[in-house]
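Encoded as structure tokens, the structure appears first; notes follow it.
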Amino acid sequence: MRRIFLLAALTSSLTLCAQSSVETERQYLSGHGCDDMVEWDFLCSDGRNSGKWTKIGVPSCWELQGFGTYQYGMRFYGKATPEGIANEVGKYKHEFTLPKEWEGRQIMLVFEAAFTELRATINGRKAGNGTYQGGFTRHTIDVSDRIFFGQKKNRLEVEVLKESTNPQVNLAERRADYWNFGGIWRPVFIISKPAQNIARVAINAKADGRFMADVYLNRALSGGSVSVEIIDAKGKVVAKSAAFTTASDLGKIDFNAKGIKTWNAEQPNLYTAVFTLKNAEGRTLHVERQKFGFRTIEYRHTYNGDKEDGVFINGQKVIFKGANRHSFRPETGRTLSKQKNIEDVLLIKSMNMNAVRLSHYPADPEFLDACDSLGLYVECEQPGWHWAHETITGSQIVEEMVTRDVNHPSIIFWSNGNEGGFNYELEPVFTRLDPQQRVVLYPWANRNGFETKHYRSWGETAEYMRQKEIFMPTEFLHGLYDGGHGAGLKDYWKMMMANPRCAGGFLWDLMDQGVVRTDMNNIVDCMGNFGADGIVGPHMEKEGSFYTIREVWSPIQVKYWEQGNIRIQNCYDFTNLKDCQFSYKLLQMPAYGETQMKVIKEGKLTSPDIAPHQLGKLKIEKTDAEVIQLTATDPQGQEVFTWTHKHRIKEGNLGWKSLHENTQKYTYTENDNQLSVTNGTREFTFCKKTGRLMQVTVNGKKLSFGNGPRFVAAKRADRSEDGFYNHDDKEAFKKKTEYTEYADQGAFAGFAFRDSTLIANYQHGSLQQVTYRFLNDGGMYMNADYYFNGVVDLMGICFDYPEQLVKSKQWVGKGPYRVWKNRMEGPQLGYWQNNYNDPIPGESFEYPEFKGYFAGVRWMQLTTTEGKVGIETLDGKIGIYTPRDGRDHILYTLPETGISILKVIPAVRNKVNTTDLNGPSAQPFWSKGKGHINTIIRFD
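Everything in the sequence shown is counted per numbering that gives the first Met the number 0, starting at 0 for the first residue and increasing by one.
See the structure below:
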């Protein structure tokens with residue numbers, strides 16, 4: 000009896016053990032990412048801290064840990080085996096134990112990624128085929144027959160070559176426009192499965208609920224079966240398949256699930272598929288879990304007989320608004336963590352983007368998980384830049400990428416290389432491994448029904464969209480410093496959305512690639528203009544284009560403001576605006592010098608029933624408020640955008656009635672050189688040779704404001720006086736980022752005195768007459784009349800004030816970011832303040848910039864070490880010194896205009912295209928004859 004009891008107990012124990020071990024299990028040998036690195040023994044062959052065994056955190060890029068040599072790929076562009084290349088070898092050692100319960104299971108050693116060639120031994124024996132090439136994809140090695148279990152330690156030794164022994168791998172992955180690191184930069188872990196198991200699954204789950212999956216086994220199984228349960232986000236089983244018989248080492252599942260919710264980027268509904276493998280006797284051998292989404296992708300082309308062109312998700316045409324994204328952080332290089340990957344997805348979505356291109360390699364699995372769960376469409380790219388992998392190595396790399404990522408519902412496109420680095424022999428590998436048959440793109444090329452050409456001018460873009468293929472540039476409006484991205488985006492987007500064959504596009508790129516140089520006192524190095532291409536800085540510092548993109552790509556577009564209604568357009572693809580929230584504030588802007596906006600009234604608005612892609616009205620009470628502020632919030636509670644609309648024009652102190660009531664008589668004295676006007680405690684000194692204001696004193700204290708008004712007009716230096724490329728100037732091409740000022744040939748003709756006005760007259764020049772009024776409240780009204788015919792990129796009047804004396808500014812107008820002629824969107828009307836800064840683009844990242852051009856300004860006040868200088872305008876444009884370009888002056892060298900009131904502000908180019916190639920908003924202004932600029936200037 001006792002023997003029967005013990006046998007029953009033993010059988011029960013073995014059954015429980017078997018049941019507990021049918022799941023896939025994972026044990027990390029490294030940390031999960033940069034936030035929890037695990038120390039391994041390490042020796043670097045060359046460069047810093049080389050030639051000795053020490054410790055290093057894994058995963059990591061070893062340069063950031065103080066080893067080896069920093070290297071940027073462009074220095075060796077096009078050279079497979081150049082002299083001077085950093086080619087360190089990193090040797091790693093690590094000991095670990097595995098659970099005794101894992102004995103008899105299949106044990107896989109996984110390197111998520113290592114730069115750039117890897118060789119491993121386990122317990123002194125070669126792991127796998129011995130050498131794994133390619134630095135961006137997962138290497139999975141079966142080490143079942145080389146491993147110890149229980150208390151006995153395993154010794155893992157890894158040799159990582161920064162430069163591959165295969166020159167073509169180096170050309171493809173390292174001779175590129177990005178940082179080249181070395182090291183085991185993604186996690187290392189062990190996967191444990193039952194001896195007979197599901198090796199991998201490839202799911203194809205359609206929007207109509209049809210669920211298909213290819214279930215690959217690690218070895219043939221006669222008479223076995225596979226089945227699947229579908230579990231929703233709450234853990235409820237919503238569907239269950241029958242058992243499907245396995246054929247050798249493959250099982251195919253095909254059944255219909257009812258009542259499912261589909262996946263799209265706006266409504267990212269996810270499910271978990273629980274696959275069960277059983278043997279012929281019905282015993283469970285292995286349980287494998289895989290997240291997925293139900294969704295159908297269609298690529299429709301009218302030239303193939305479809306009714307319309309475009310990419311359709313679940314039957315709905317989708318427009319892709321995306322950015323190119325590197326895996327990057329300044330302190331850790333390409334090594335990230337789950338949280339940092341989520342941060343990137345949230346950053347992208349916060350700009351109202353719905354898509355991302357993984358440039359130029361697949362991302363961390365955690366990034367794709369976040370795209371799945373938070374909602375982003377993904378273009379997943381085979382590693383490479385301008386050269387392709389050869390077929391044998393490339394086939395392995397594509398297989399490593401596709402088999403890892405095939406089940407992510409966020410992936411809509413694969414891409415086979417970049418910008419000519421294409422090996423067309425690899426395309427069948429994508430087709431063979433992907434049951435969803437996603438299209439394979441060739442970024443920069445026209446293939447498979449998609450024209451993806453990069454960096455075309457506005458006019459060229461229009462021409463490309465006349466082709467029959469779907470137009471979707473996988474890179475456009477190349478950023479650099481404060482150029483590109485948002486500059487020109489409104490023009491491009493308006494044209495692109497007017498063409499039914501356009502599917503959207505991807506801006507270059509998300510984030511400045513500025514790395515902490517542990518060899519150079521921890522400076523953040525963007526390698527000049529190479530890495531400073533981001534919409535945000537290296538630490539996600541928001542540049543001006545961030546907000547421009549956010550407004551232009553907002554899924555809710557404000558079309559017109561009316562009394563009692565706001566006309567809006569729903570640019571969502573799946574979301575009805577009745578599921579969004581709207582709130583408003585009626586605002587009164589602060590008067591000159593004050594700091595508080597007054598909220599007259601605020602509340603919530605009834606969300607209108609407006610279907611995707613439709614126009615409608617948002618009702619709001621009629622009001623005579625000065626400003627209406629509208630905020631839209633998406634169904635997930637995230638702010639879409641806040642618009643501030645000037646509802647009622649307020650002339651304020653510049654109104655004719657107010658000016659007359661405020662004007663008072665003045666007294667003056669003069670000598671041979673100057674004229675001094677006294678107005679209360681203020682004295683204004685004018686030069687009698689130029690007619691210009693030279694300085695101001697307040698209560699006897701000097702303010703160094705003066706040398707104006709001067710008329711300023713400038714054009715691009717490579718342009719003729721008619722605005723066209725100056726073919727007569729053989730040096731014109733070298734001047735494309737410079738600006739030439741038109742000389743004002745006029746001469747001062749004397750002052751005219753009246754009871755309440757002082758008039759400075761000019762002859763034969765652009766500036767004709769300047770009229771001053773001196774006001775009761777201490778201000779000085781000025782109206783400058785000019786006459787100018789010409790093509791200009793900048794025009795107005797300016798004064799000097801020593802920049803080094805300025806401490807801060809506050810203003811009512813659009814802000815807090817500066818604008819350009821072709822980037823007016825984003826900044827909103829409000830009260831703003833910022834302290835003086837002078838960041839060098841690509842080197843320092845303090846935003847918003849203090850200097851530049853500001854629009855819609857009612858008043859602006861500078862606080863200086865001498866006092867305060869203020870300007871009031873009628874929603875005018877004010878220049879605060881000259882925007883600073885990078886040290887290489889690739890974007891612009893603009894005239895020094897000090898403190899200016901402008902009629903025309905310049906456009907800004909991008910890294911590839913000059914201003915005239917960026918659309919209608921970037922074109923120069925044709926000034927025709929008479930004009931005037933009026934303002935009130937105040938000194939305190």
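The C-beta atom is built at its ideal place from N, Cα and C for all residues, glycine as well.
{"Asked": "Leu97 classed as buried or exposed, judged by whether at least 16 other C-beta atoms fall within 10 angstroms", "Found": "buried"}
{"Asked": "Cβ contact (3+ pairs, closer than 8 Å) linking the stretch 58–71 and the stretch 116–135", "Found": "no"}
{"Asked": "Alpha-carbon to alpha-carbon, Glu468 and Asn217", "Found": "41 Å"}
{"Asked": "Arg951 - partner residues in DSSP beta bridges", "Found": "Nothing about residue 951 can be reported from this structure: the residues present for the chain run from 0 to 939 only."}
{"Asked": "Coil, strand or helix - Tyr302 by DSSP", "Found": "helix"}
{"Asked": "Simplified DSSP state of Trp925, which is helix, strand or coil", "Found": "strand"}
{"Asked": "3-residue-minimum beta strand (DSSP E) runs that sit fully inside the stretch 748–774, ordered along the chain", "Found": "756–762 and 766–773"}
{"Asked": "Buried versus exposed call for Ser336 [16 or more other C-beta atoms within 10 Å across all chains shown]", "Found": "buried"}
{"Asked": "Same chain, Cβ closer than 8 Å to Pro499, five either side skipped, listed in chain order", "Found": "Glu307, Asp308 and Gly309"}
{"Asked": "Environment of Phe723 [buried if 16+ CB atoms lie within 10 Å]", "Found": "exposed"}
{"Asked": "Counterpart residues of Phe470 in DSSP-defined beta bridges", "Found": "Glu450 and Cys501"}
{"Asked": "Among Ser29, Arg753 and Ala746, the one whose alpha carbon lies nearest that of Asn760", "Found": "Ala746"}
{"Asked": "Residue of Asn165, Pro186, Phe938 and Tyr71 minimising C-alpha distance to Ile391", "Found": "Asn165"}
{"Asked": "Asp257 versus Asn203 - alpha carbon distance", "Found": "The amino acid at residue 257 is misidentified as Asp; the sequence shows Lys. One C-alpha to the other measures close to 16 Å."}
{"Asked": "For Gly875: DSSP bridge partner residues", "Found": "Val856"}
{"Asked": "Of the residues Gly129, Asp939, Ser657 and Leu653, the one placed nearest Val157, counting alpha carbons only", "Found": "Gly129"}
{"Asked": "Cα-Cα separation, Gly134 to Glu474", "Found": "23 Å"}
{"Asked": "Where Arg154 falls, given that 16 or more other Cβ within 10 Å makes a residue buried", "Found": "exposed"}
{"Asked": "Burial state of Trp925, where buried means 16 or more other Cβ atoms lie within 10 Å", "Found": "exposed"}
{"Asked": "Residues that Thr53 bridges to, as DSSP identifies them", "Found": "Phe41"}
{"Asked": "Distance between Thr460 and Val515 (C-alpha atoms, nearest Å)", "Found": "38 Å"}
{"Asked": "Beta strand (DSSP E) segments (min. 3 residues) lying fully within the stretch 125–157", "Found": "138–141"}
{"Asked": "Residue interval of the alpha helix (DSSP H) (run including Phe545)", "Found": "Gly543 to Val551"}
{"Asked": "7 Å CB neighbourhood of Gly841 in its chain, flanking five on each side removed", "Found": "Tyr480, Cys525, Gly527, Asn528, Ala531 and Gly885"}
{"Asked": "Unbroken alpha helix (DSSP H) run spanning Thr120, endpoints", "Found": "From DSSP, Thr120 is part of no alpha helix (DSSP H) but of the beta strand (DSSP E) over Glu116 to Ile121."}
{"Asked": "Neighbourhood of Met352 by C-beta distance below 7 Å, restricted to the same chain and skipping five residues each side", "Found": "Lys320, Gly321, Ala322 and Trp552"}
{"Asked": "Neighbour-count burial assignment, Phe752, 16 or more Cβ in a 10 Å radius", "Found": "exposed"}
{"Asked": "Nearest-angstrom Cβ-Cβ length linking Leu346 and Glu380, presumed shorter than 8 Å", "Found": "19 Å between Cβ atoms; not a contact."}
{"Asked": "Close beta carbons around Arg209, own chain, < 6 Å, minus the five adjacent residues each side", "Found": "Asn255"}
{"Asked": "Nearest residue (CA-CA) to Arg328, options Gly513, Asp727, Gly563 and His763", "Found": "Gly513"}
{"Asked": "Where the beta strand (DSSP E) through Asn569 begins and ends", "Found": "Asn564 to Asn569"}
{"Asked": "Close Cβ partners of Arg294 (< 8 Å) along its chain, the five nearest in sequence each way excluded", "Found": "Ala204, Lys205, Ala206, Thr261, Trp262, Asn263, Ile312, Asn313 and Pro408"}
{"Asked": "Beta strand (DSSP E) segment containing Phe640, residue limits", "Found": "Glu638 to Lys645"}
{"Asked": "Pairwise C-alpha distance: Gly533 and Glu540", "Found": "10 Å"}
{"Asked": "Rounded separation between Phe938 and Val697 - CA only", "Found": "7 Å"}
{"Asked": "CA-to-CA distance, Lys600 to Leu585, given in whole angstroms", "Found": "5 Å"}
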